[in-house]
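A short write-up of the structure that comes next.
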Amino acid sequence: MEGDLGAGGRASAAVDPDRPTSSLAVHIAWIMDVLHKNLDTKSKIYRDPSLACIFLMNNGKYIIQKVNDSELGVLLGDDWIKQLSTRVRRWSMDYQRSTWGKVTTVLQIGGSGVGALPAKAMLQKLRMFNTYFEEIYAVQSEWVIADDQLRMDVRAAVEDSVMPAYAALIARLKSAPETGRDLYIKYTPEDVEAHIHHLFEGAAK
Numbered sequence: 001m002e003g004d005l006g007a008g009g010r011a012s013a014a015v016d017p018d019r020p021t022s023s024l025a026v027h028i029a030w031i032m033d034v035l036h037k038n039l040d041t042k043s044k045i046y047r048d049p050s051l052a053c054i055f056l057m058n059n060g061k062y063i064i065q066k067v068n069d070s071e072l073g074v075l076l077g078d079d080w081i082k083q084l085s086t087r088v089r090r091w092s093m094d095y096q097r098s099t100w101g102k103v104t105t106v107l108q109i110g111g112s113g114v115g116a117l118p119a120k121a122m123l124q125k126l127r128m129f130n131t132y133f134e135e136i137y138a139v140q141s142e143w144v145i146a147d148d149q150l151r152m153d154v155r156a157a158v159e160d161s162v163m164p165a166y167a168a169l170i171a172r173l174k175s176a177p178e179t180g181r182d183l184y185i186k187y188t189p190e191d192v193e194a195h196i197h198h199l200f201e202g203a204a205k
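So in UniProt numbering, the last spot in the sequence shown is 205, and the numbers never skip.
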């Protein structure tokens, strides 16, 4: 995996060789790297790639917290922690792509000038959004991201990718001639945002 913490050369490179604890630090870094590889292997039991990302994020964040709260932080050093933090961010981006990529794609409507998407096509996009969003919410509102800050960060990333496009679609539909749109606008932008805020709490709201 790209950015591996490294069991051998990379682990030793991240440790100050002048420290009296250098050999111990290298050994601990090796153990931690084995732990990470085991987590990566275990994540593959999840058939849903999004759930695998949540599993990795939860465990990665937990390891960072435990290392920071103990002498391991001194032994492993800041570089090791930064590398694992980078992995957690990458898993978060992987989650965004695997879960919300199709949602943001269906919300794309282009400009409002010549060649603008007709209202009928926008309604079709809205129907598809409703289906995707409800499927995701039904499942992922029952998932858990244990760390408060990580949970808020992942939700914020979802909002940033979904909300502007969804609000733009709703605004365009409301400005179009009557098309029966009220039959399909099940969620206001505020409704969607509220649902996003209930993701990863462990129980559907």
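Backbone N, C-alpha and C fix where the C-beta goes; we use that ideal spot for every residue, glycine too. None of these values were measured; they are calculated from a predicted model.
How big is the Cα-Cα spacing for Q162 and L126?
Residue identity check: residue 162 is Val in the sequence provided, not Gln. The straight-line gap separating the alpha-carbon atoms of V162 and L126 is approximately 13 Å.
Please determine, among W80, L199, K44, the residue with the shortest C-alpha to C-alpha distance to D153.
Minimum Cα distance to D153 is reached at L199.
Would DSSP call E201 helix, strand or coil?
DSSP, read as helix, strand or coil, puts E201 in strand.
For S85 and I64, which I take to be in contact (beta-carbon distance under 8 Å), what is that distance rounded to the nearest angstrom?
Contact check for S85 and I64: beta-carbon distance about 6 Å, within the 8 Å limit, so the pair qualifies.
Taking Cβ positions, are M57 and V88 nearer each other than 8 Å?
For M57 and V88, yes; Cβs fall inside 8 Å.
Between the C-alpha atoms of T105 and F133, what's the straight-line distance to the nearest angstrom?
Each residue's CA atom was taken as its position, placing T105 and F133 some 13 Å apart.
Indicate whether L39 and N68 have their beta-carbon atoms separated by less than 8 Å.
No, the Cβ-Cβ distance between L39 and N68 is not below 8 Å.
Give a yes or no on whether the C-beta atoms belonging to L150 and K61 are separated by under 8 Å.
Against a cut-off of 8 Å, the Cβ pair of K61 and L150 comes out as a contact.
Whole-Å CB distance - P189 paired with A167, under 8 Å assumed:
About 4 Å separates the two Cβ atoms, so the contact holds.
Please list the terminal residues of the continuous alpha helix (DSSP H) segment that includes T86.
Segment 72-106, the alpha helix (DSSP H) holding T86.
Does the Cβ of H27 have 16 or more other Cβ atoms within 10 Å, making it buried, or fewer, making it exposed?
By the 16-neighbour rule on beta-carbons within 10 angstroms, H27 is exposed.
Would you kindly check if the distance between the Cβ of S43 and the Cβ of F55 is under 8 Å?
Yes, the Cβ-Cβ distance between F55 and S43 is below 8 Å.
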